[in-house]
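Single-structure report; data block below.
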Ligand code: IPD
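Residue numbers (my numbering): 6 to 277.
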């Protein structure tokens, strides 16, 4: 017997509460001396400690309201659950930005049913923004200015596109990603490297980028942001007809997606 279809508004309420609590913790409890030197000399990485505390808080918040749900988190949350709902969590997406106190980092919380995100919340407290989407219900941005629906830019030609991307942590992967970006740069308007895949996908949804691609992003990095981007009108996929995956994730409005995906395939952006 399959699990009952969950109430998406309830999932949105849970996701919003969990992301907001974790975001507040990360702002309020950020160690005052958190910095590169402190992290290098400390036996326990304070960034990792904050990642873990954030993920724990998201899990606790969800379990208090939905004890049967499952989890899949960057910091190790892993439980199948019994309800059919699995929460995919990146407790700090943009960890290096958090370390350096650059504002573009986010708590990313998605609820998946049968492997598909149905609710996504990306809370970026350092810029006072929370992006959220419910499958079939559009994408939205909430801030002190209120709440507004989001729509990706459409009708942008590849050579006029502002393209967000990111780089992995391994040196060999980065060398290859650099070679791809060097060939892409003369063929687009410009490149941005924001430092948080979740925030990049939400920036695309808000029209602050025309496209985004990256090799190596994981399910927790993109689960919530990809739903926000899709609900704002983006196509999110891979190249050569593949689905979005750690091999390559590409996102843009429909026509631009095809042109960018074709160029990325030609450049071998999905290969090391
Ligand atoms: C990273 C960020 C970054 C991207 C990296 C990711 P993390 O996630 O999303 O923008 O370029 O590939 O690993 O490590 O900060 O959760």
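Think of the CB as a built atom: it goes at the ideal place given N, C-alpha and C, for glycine as much as any other residue.
C-alpha gap between residue i and residue j, whole angstroms
{"i": "residue 188", "j": "residue 273", "result": "11 Å"}
{"i": "residue 175", "j": "residue 141", "result": "37 Å"}
{"i": "residue 121", "j": "residue 209", "result": "20 Å"}
{"i": "residue 202", "j": "residue 227", "result": "7 Å"}
{"i": "residue 64", "j": "residue 182", "result": "34 Å"}
{"i": "residue 155", "j": "residue 146", "result": "7 Å"}
{"i": "residue 242", "j": "residue 256", "result": "6 Å"}
{"i": "residue 143", "j": "residue 43", "result": "42 Å"}
{"i": "residue 271", "j": "residue 83", "result": "37 Å"}
{"i": "residue 167", "j": "residue 198", "result": "11 Å"}
Any non-hydrogen atom of the ligand IPD within 8 Å of residue i CB
{"i": "residue 174", "result": "yes"}
{"i": "residue 208", "result": "no"}
{"i": "residue 201", "result": "yes"}
{"i": "residue 101", "result": "yes"}
{"i": "residue 74", "result": "no"}
{"i": "residue 78", "result": "no"}
{"i": "residue 219", "result": "yes"}
{"i": "residue 97", "result": "yes"}
{"i": "residue 264", "result": "no"}
{"i": "residue 137", "result": "no"}
Helix, strand or coil at residue i according to DSSP, with G and I counted as helix
{"i": "residue 116", "result": "strand"}
{"i": "residue 151", "result": "strand"}
{"i": "residue 49", "result": "coil"}
{"i": "residue 250", "result": "strand"}
{"i": "residue 260", "result": "helix"}
{"i": "residue 230", "result": "helix"}
{"i": "residue 135", "result": "strand"}
{"i": "residue 103", "result": "helix"}
{"i": "residue 165", "result": "helix"}
{"i": "residue 242", "result": "strand"}
{"i": "residue 44", "result": "helix"}
Below-9 Å beta-carbon distance, residue i vs any chain C residue
{"i": "residue 116", "result": "The structure shown contains no chain C, having only a single protein chain."}
Exposed unless 16 or more other CB atoms sit within 10 angstroms - verdict on residue i
{"i": "residue 204", "result": "buried"}
{"i": "residue 117", "result": "buried"}
{"i": "residue 66", "result": "buried"}
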